[in-house]
Amino acid sequence: MSASDIFQDKTTSVNQMWQTDFTYFKIVGWGWYYLSTILDDYSRFIVNWKLCATMKQRM
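Residues in the sequence shown are numbered consecutively from 182, following the numbering used here.
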């Protein structure tokens, strides 16, 4: 599946579909950090996010 793929049933209101994403990055002098986000598909707003120093945290 690529970013250009279109879903047959598009969302028509908020909270019908959420998307998650995880990324990690290194902060010089601090180490690796992990960012997890939950995005509402319809509104494109971030519903929740969490920045952690390990991958063992819960949202």
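Glycine included, every Cβ here is placed at the ideal spot set by N, Cα and C.
Do you know how far the Cα of D190 is from the Cα of V209? As a first step, residue 209 must be located in the sequence shown, where it is residue number 28. As a first step, residue 190 must be located in the sequence shown, where it is residue number 9. For V209 and D190, the distance between alpha carbons rounds to 44 Å.
For the beta strand (DSSP E) holding F213, just list the boundary residues, first then last. Counting from one through the sequence shown, the residue named residue 213 turns up at place 32. Correcting the residue identity first, residue 213 is Trp in this sequence and not Phe. Here the beta strand (DSSP E) through W213 covers 212-221.
Kindly indicate which three-state DSSP category N196 falls into: helix, strand or coil? Locating residue 196 in the sequence shown gives position 15, counting from the first residue. In the three-state reduction of the DSSP assignment, N196 falls in the coil class, being assigned neither a helical nor a strand state.
Measuring straight from C-alpha to C-alpha, what distance separates F188 and D221? Looking up residue 188 in the sequence shown gives position 7. Looking up residue 221 in the sequence shown gives position 40. Whole-angstrom Cα-Cα distance: 15 Å.
Hey, quick one: how far does the beta strand (DSSP E) through V228 stretch, first residue to last? In the sequence shown, the residue the question calls residue 228 occupies position 47. V228: member of the beta strand (DSSP E) spanning 227-233, first to last residue.
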